[in-house]
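A.B. asks: Attaching a single structure in structure tokens format; questions to follow.
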Amino acid sequence: MPGVVIVGAQWGDEGKGKITDLLAENAEVIVRFQGGNNAGHTIVRDGEEFKFHLIPSGILHSTKTCVIGNGVVVDPRVLLGEIDGLKRAGVSVGNLRLSANAHLIMPYHVLLDQAGETKLGKLSIGTTRRGIGPCYADKALRLGIRVQDLLDEKILRTKIRAALEPKQQALRELSVQRRKLRKEAGEEAKAPAGPAPGAPDPRLDLHTMVEEHVNYGHRLEPHIADTAKLCWDALDADQTVIFEGAQATLLDLDHGTYPFVTSSNPIAGAATVGAGVGPTDITEVWGIAKAYATRVGAGPFPTELEDETGERMVERGHEFGTTTGRRRRCGWMDLIALRYAVRLNRMDSLAITKLDVLSGLGPLRVAVRYRSKEGAVLDSFPYHQSILHSATPEYEELPGFDEDLGECREEKDLPQAARDYLDYISDFVGVPIRLVGVGPDRAQTIRIDA
Ligand code: GDP
Ligand code: IMO
Ligand code: MG
């Protein structure tokens with residue numbers, strides 16, 4: 031009954047997609063358990079690139095079952111687009127299963143996310159504007175629409191009507207606030223997006239929305255299933271189930287840098303809730319971290335580099351978001367944050383990706399403690415946001431390397447300085463590094479035996 035969780039150990043985009051695709055070789059079922067199409071997971075196989083937002087990264091293995099679990103929020107338009115894209119690329123989606131209990135991202139969730147971000151202006155979180163937060167909010171409010179509702183038009187209409195009314199009100203208020211803010215900022219000249227004030231918004235028409243969603247239901251029906259039972263059956267038959275996390279530990283709604291987080295729990299413990307299995311079904315936890323650190327959107331990032339080295343990381347690592355195309359903020363590896371992630375997820379193994387990107391950057395730095403603005407030494411991740419916001423990292427400097435790592439396939443192929451760098455990380459956080467990425471292609475991976 032091996033249940034293997036894969037989680038991001040930093041702020042996302044660590045290469046979870048690539049590692050999931052690799053580890054899926056030895057699994058029968060691959061399950062996404064939280065998040066939505068805010069995720070962007072990239073797999074490169076023999077030079078061909080695939081990007082997934084909702085579909086689990088095991089889909090390229092035609093014999094494996096891929097599950098979108100109950101904890102995921104699903105935008106049906108995006109999911110159908112991904113299914114169509116895979117079919118066009120000749121990839122079978124016959125083994126894709128969608129939890130009947132997963133919640134749907136509705137058009138009004140996307141509009142609310144976009145309007146909310148605009149209103150917050152400078153203080154905005156920098157969400158992906160995909161409707162994630164409003165959808166999880168409706169789930170908690172018990173106003174959500176679930177996948178199974180797509181299969182019953184009467185229920186669907188009743189539920190959408192109940193959910194829609196407060197949204198129309200909220201969107202009207204947000205639009206008034208937005209106009210006020212624009213006026214204050216002297217931006218009257220710009221035409222606001224959406225319908226004229228007071229006019230009905232065609233994107234929020236009940237009849238059209240129900241019709242569209244009934245149609246989505248017809249198309250998705252062959253994939254809809256009791257996915258928790260599917261996981262139990264696999265685990266009880268001693269098959270390996272991989273639980274693929276999206277986002278990452280420091281974006282966790284409870285344990286991340288709130289409010290600059292996502293609206294779900296991307297940590298390992300959440301795999302149980304988001305897939306419907308018990309804690310003792312989880313037998314192994316993998317953390318995925320880049321050899322440096324990146325973050326998209328706003329929020330504290332103690333080791334951020336706003337200099338030439340940071341710029342070179344962006345260039346060498348192609349650090350632009352898979353989902354929104356935004357430039358990722360870059361900085362040195364933060365071992366205080368990584369040690370926090372290791373403990374929070376109780377990781378057994380680490381995969382360090384993008385080691386190749388550090389080549390030619392000169393001496394390498396890793397943050398080993400923070401100093402508070404009052405001068406106190408902080409050896410662990412501070413729970414208080416104000417402390418984290420003003421903490422300064424203190425670094426250990428390690429020798430760098432200039433060799434191109436792209437062709438390295440075994441640990442012994444790596445330059446000594448690269449091996450020392452990995453050893454330093456592993457010793458500091460107390461977890462073995464068992465996979466190392468030296469390029470985007472799945473072949474560009476070094477396996478290290480424990
Ligand atoms: P995810 O969200 O964690 O799945 O990561 P993303 O796919 O958003 O971003 C990771 C990016 O790094 C993708 O473009 C990958 O193709 C790429 N990548 C993954 N591993 C490596 C690696 O070891 N080296 C390099 N250079 N690129 C990598
Ligand atoms: P993957 O799975 C990196 C960030 C957004 C924003 C915050 C909240 O590819 O690693 P949201 O739209 O979730 O309400 O945005 O979270 N964010 C991610 N950053 N990788 C992701 O996913 C992310 N998903 C959300 O940039 O700061
Ligand atoms: Mg990503």
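Quick note on numbering: the sequence shown equals residues 31 to 480 in the numbering used here.
Beta carbons: idealized from backbone N, C-alpha and C, even for Gly.
Entirely within the region 279-331 and at least 4 residues each: give me those alpha helix (DSSP H) ranges in chain order.
C.D. replies: Within the region 279-331, the complete alpha helix (DSSP H) runs of at least 4 residues are 300-305.
A.B. asks: Since Lys48 contacts Gly38 with CB under 8 Å, what's their CB separation in whole angstroms?
C.D. replies: About 12 Å; that fails the 8 Å criterion.
A.B. asks: Could you check the C-alpha separation between Thr333 and Arg395 for me, to the nearest Å?
C.D. replies: Going from the Cα of Thr333 to the Cα of Arg395 covers about 10 Å.
A.B. asks: Does the region 380-400 come close enough to the region 251-271 to have 3 or more Cβ pairs within less than 8 Å?
C.D. replies: Not touching, per the Cβ criterion.
A.B. asks: Could you give the C-beta distance for Arg406 and Trp362, rounded to a whole number, given that I count them as a contact under 8 Å?
C.D. replies: Residue identity check: residue 406 is Ala in the sequence provided, not Arg. Rounded, the Cβ-Cβ distance is 21 Å, inconsistent with contact.
A.B. asks: With respect to the beta strand (DSSP E) encompassing Tyr400, which residues constitute its N-terminal and C-terminal limits?
C.D. replies: It spans 394-401 - the beta strand (DSSP E) in which Tyr400 sits, taken as one unbroken run.
A.B. asks: Going by DSSP in three states, Phe82 sits in which element: helix, strand or coil?
C.D. replies: Strand at Phe82.
A.B. asks: Measuring straight from C-alpha to C-alpha, what distance separates Glu242 and Ser87?
C.D. replies: Roughly 28 Å separates the two Cα atoms.
A.B. asks: Quick one: grab the DSSP three-state call for Gly115.
C.D. replies: Here Gly115 sits in helix by DSSP.
A.B. asks: What do you get for Phe350, buried or exposed, if any count of 16 or more other CB atoms within 10 angstroms of its CB means buried?
C.D. replies: Exposed: under 16 other Cβ atoms inside 10 Å.
A.B. asks: Specify the secondary structure class of Glu404 as computed by DSSP and reduced to three states.
C.D. replies: Glu404: coil per DSSP, three-state reduction.
A.B. asks: Of all residues in the structure, which have a C-beta closer than 5 Å to any heavy atom of the ligand MG, taken in chain order?
C.D. replies: Counting every residue whose Cβ lies closer than 5 Å to a heavy atom of the ligand MG, we get Asp43, Gly70, Thr352.
A.B. asks: Using CA atoms only, rank isn't needed, just tell me which of Pro445, Phe82, Leu171 is closest to Asp114.
C.D. replies: Of the candidates Pro445, Phe82, Leu171, the one whose C-alpha sits nearest the C-alpha of Asp114 is Phe82.
A.B. asks: Count Cβ pairs between the region 239-255 and the region 334-353 that sit closer than 8 Å; are there 3 or more?
C.D. replies: These segments do not touch.
A.B. asks: Mark His237 as exposed unless 16 or more other C-beta atoms lie within 10 angstroms of its C-beta, in which case mark it buried.
C.D. replies: Answer is exposed; the Cβ neighbour count stays below 16.
A.B. asks: My parser needs the alpha helix (DSSP H) runs of 4 or more residues fully inside the region 143-175; what are they?
C.D. replies: Listed in chain order, the complete alpha helix (DSSP H) runs (minimum 4 residues) inside the region 143-175 are 162-171.
A.B. asks: Pull the bridge partners of Glu426 from the DSSP assignment, please.
C.D. replies: Val396.
A.B. asks: Under 8 Å by Cβ, that's how I've got Ala57 and Val271 pegged, so tell me the actual separation to the nearest angstrom.
C.D. replies: 7 Å between Cβ atoms; contact.
A.B. asks: Quick one: is Pro232 buried, meaning 16 or more other Cβ sit within 10 Å of its Cβ, or exposed?
C.D. replies: So Pro232 ends up on the exposed side.
A.B. asks: Roughly how many angstroms separate the alpha carbons of Glu274 and Ala473, rounded to a whole number?
C.D. replies: Straight-line Cα distance between these residues: approximately 20 Å.
A.B. asks: State the CB to CB distance for the pair Val372 and Val459, rounded to an integer number of angstroms; the pair is presumed to be in contact (CB under 8 Å).
C.D. replies: Rounded, the Cβ-Cβ distance is 5 Å, consistent with contact.
A.B. asks: Enumerated in chain order, which unbroken segments of the beta strand (DSSP E) with a length of 3 residues or greater are wholly contained in the region 347-391?
C.D. replies: Entirely contained in the region 347-391, the beta strand (DSSP E) runs reaching 3 residues are, in chain order, 359-361, 379-383.
A.B. asks: Could you tell me the distance, in whole angstroms, from the CA atom of Leu465 to the CA atom of Arg439?
C.D. replies: Rounded to the nearest angstrom, the two C-alpha atoms are 11 Å apart.
A.B. asks: Alpha carbon to alpha carbon, how far is Arg21 from Arg376?
C.D. replies: This structure cannot speak to residue 21, because the chain is shown only from 31 to 480.
A.B. asks: Quick check: the Cα distance between Ser410 and Asp364, rounded to an integer number of angstroms?
C.D. replies: Each residue's alpha carbon lies about 11 Å from the other.
A.B. asks: Does the distance from the CB of Leu435 to the CB of Leu385 come in under 7 Å?
C.D. replies: In contact: Leu435 and Leu385 (Cβ atoms closer than 7 Å).
A.B. asks: Under 6 Å Cβ to Cβ from Leu300, same chain only, skipping five residues before and after it: list those, please.
C.D. replies: The sequence given here has Ala at residue 300, not Leu. For Ala300, where only same-chain residues beyond five positions count, the Cβ hits under 6 Å are Gln64.
A.B. asks: Can you tell me whether Ala229 is helix, strand or coil according to DSSP?
C.D. replies: In this structure, Ala229 counts as coil in the three-state DSSP scheme.
A.B. asks: Would the C-beta of Gly327 count as close to the ligand IMO, meaning under 6 Å from any of its heavy atoms?
C.D. replies: Checking every heavy atom of the ligand IMO against the Cβ of Gly327, one is found closer than 6 Å.
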